[in-house]
Amino acid sequence: MVAFAVAYLGKAHIYWVTSGYSQKSFLLFFDAEPSEEDLTDAVIDREPLFADKDGTKNALRKAQVEGNRLFVKLDGDRALSVTPFSPDLDPAPVFENSDGHIKGAWLTEPSTRTRVPPFLARTSYFLFSVFGIIARLLLVRWSWYFMLARVKEFSRAIEGK
485 MVAFAVAYLG
495 KAHIYWVTSG
505 YSQKSFLLFF
515 DAEPSEEDLT
525 DAVIDREPLF
535 ADKDGTKNAL
545 RKAQVEGNRL
555 FVKLDGDRAL
565 SVTPFSPDLD
575 PAPVFENSDG
585 HIKGAWLTEP
595 STRTRVPPFL
605 ARTSYFLFSV
615 FGIIARLLLV
625 RWSWYFMLAR
635 VKEFSRAIEG
645 K
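Residues in the sequence shown are numbered consecutively from 485, following the numbering used here.
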């Protein structure tokens, strides 16, 4: 019964996402199918190079309200679009203060993600729960067995045999 509850209540939408900023990969869990904005927020939360995560998310929301995109300039040749991925937009921006086109990258894009199907996630939750319960039951049984054997030895030692 517990295994069914874990499989039903567990976050079934799982993504393995690689950040365009640090190139680190993160395992992200969601209750429902996430939007691009949800994925971007989750990567911002886990990205170690963003010192002020809430400030970054607030700057992103402000840029979206103004109809702009949020960019982080990585170096003289590269910039990172922190804006949620959109196939209609080019991630390579042209900055007003630069002489040319700067190579851009998305914080997260579909080609850097692996989606675990919900059925497979729920099945995994169920199997891990079942194996966990079985392992705990066996551990309790073995611990009782060895503990009772030690009690018998201890009682013999007290009796002086």
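Cβ atoms here follow ideal geometry from the backbone N, Cα and C, with glycine treated the same way.
Remember, predicted model here, so these are calculated numbers, not experimental data.
Query	Result
Backbone secondary structure at Arg553 - three-state DSSP	coil
CA-to-CA distance, Tyr505 to Lys557, given in whole angstroms	10 Å
Any beta strand (DSSP E) of 3 or more consecutive residues that is wholly inside the region 487–566	497–502, 509–514, 555–557, 562–565
Where Thr592 falls: helix, strand or coil (DSSP)	coil
Delimiting residues of the alpha helix (DSSP H) encompassing Pro662	The structure shown does not extend to residue 662, since the chain is modelled only from 485 to 645, so the question has no answer here.
Through-space distance from Arg625 to Arg634, alpha-carbon basis	14 Å
Whether Val486 touches Ile618 by CB criterion (8 Å)	no
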